[in-house]
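Residue numbers (the numbering used here): 11 to 257. Below is one structure; the comments refer to it alone.
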Ligand code: NAP
């Protein structure tokens, strides 16, 4: 896919799915603005991989749940590149537990990063994209946001909320040439899922018609598709990338 001349902000670009997205967009010629929370080593490594593909990369440490930091992130991207064409709201966390034992702070932390973070980043780029009369926003939801999952009421609520925000903003920005879509990955092998017990992984695998766990690149390619100029007539959609899990 051709992203030359385009500037893309990828939150949580240091590791996992975000890293694969940065590489996919860099391969297509985009300028990449890589946002990370605290893992500077991983952020630097991913930035170097993107640069090796010929991309220009701006690496910004930014907590997406903090509006001032998000404003600085977007301002830095506009100062460096003059525009923002693509926003991939990928930063996300889990704090799993059954409702009966889940602490209030675990609910708040997940909502702050996954839901409020997505809201803040969309709000920060919206004016610029409307001015440009061009933009592609891709939000990371989850099959858990579509179907629910025991032990993840906080995460499911945040990811279901992302779907609601995606459809609402898609309606608000459709006439301005800005599309807003969501990706709902199934079980993808990243640091986020690495700690899951083997028995739970085996049970999950049994529920995937394609019979394999997903890779970050499976998701990155779908994100790149929705982020492409050619996908301009697709908006407000939720695309499951899950090997058939949510069918
Ligand atoms: P991951 O490997 O745990 O990576 C998370 C990324 O988010 C890291 O780059 C991390 O930065 C960044 N991050 C975390 N909190 C942040 C914050 N407050 N501000 C800015 N960046 C922050 O996760 P992943 O598996 O790639 O997941 C990426 C997205 O896909 C998430 O939204 C997740 O919910 C969603 N998803 C994943 C799966 C799956 O099976 N893996 C399934 C469905 C949906 P640092 O490196 O600096 O810590």
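Every residue gets a Cβ at the ideal spot worked out from N, C-alpha and C, and that includes glycine. Small disclaimer: the values here were computed from a predicted structure and weren't measured.
Would you call the stretch 205-219 and the stretch 175-195 in contact, with 3 or more CB pairs under 8 Å? Short answer: they don't touch.
Can you tell me whether residue 195 sits near ligand 1, meaning its C-beta is under 6 Å from at least one heavy atom of the ligand? yes
What are the boundary residues of the beta strand (DSSP E) that includes residue 146? 145-150
Could you pull the start and end residues of the beta strand (DSSP E) that residue 44 belongs to? 41-46
Following the continuous alpha helix (DSSP H) through residue 192, name the residue where it begins and the one where it ends. Per DSSP, residue 192 lies in no alpha helix (DSSP H); the unbroken beta strand (DSSP E) holding it starts and ends at 188-195.
Could you check if residue 25 is buried or exposed, using at least 16 other CB atoms within 10 Å of its CB as the buried criterion? buried
Check each candidate in 256, 198 and 239 and name the one with the smallest Cα separation from residue 30. 198
Leaving aside the five residues before and after residue 66 along the sequence, list all residues of the same chain whose C-beta is less than 7 Å from its C-beta, in chain order. 41
Round the Cβ separation of residue 251 and residue 193 to the nearest angstrom and send it over; I've been treating them as touching at under 8 Å. 6 Å
Using a Cβ-based criterion (distance less than 6 Å to any ligand heavy atom), does residue 82 qualify as near ligand 1? no
Any heavy atom of ligand 1 closer than 6 Å to the CB of residue 178? no
Which residue or residues does DSSP assign as beta-bridge partners of residue 71? Paired residue(s): 46.
Cα-Cα, which of 253, 235, 254 and 245 is closest to residue 11? 235
With a 10 Å radius around its C-beta and 16 neighbouring C-beta atoms as the bar for buried, classify residue 83 as buried or exposed. buried
Quick one: give me the first and last residue of the beta strand (DSSP E) that residue 21 is part of. 17-21
Might you give, ordered along the chain, the residues of its own chain that have their beta carbon closer than 8 Å to the beta carbon of residue 109, omitting 5 neighbours on each side? 163
Could you check if residue 178 is buried or exposed, using at least 16 other CB atoms within 10 Å of its CB as the buried criterion? exposed
Coil, strand or helix - residue 99 by DSSP: strand
Does DSSP classify residue 198 as helix, strand or coil? strand
Is there at least one non-hydrogen atom of ligand 1 closer than 6 Å to the beta-carbon of residue 140? Not a single heavy atom of ligand 1 lies less than 6 Å from the C-beta of residue 140.
Could you check whether the stretch 116-130 touches the stretch 69-88, counting it as contact only if at least three pairs of C-beta atoms, one from each stretch, sit closer than 8 Å? yes
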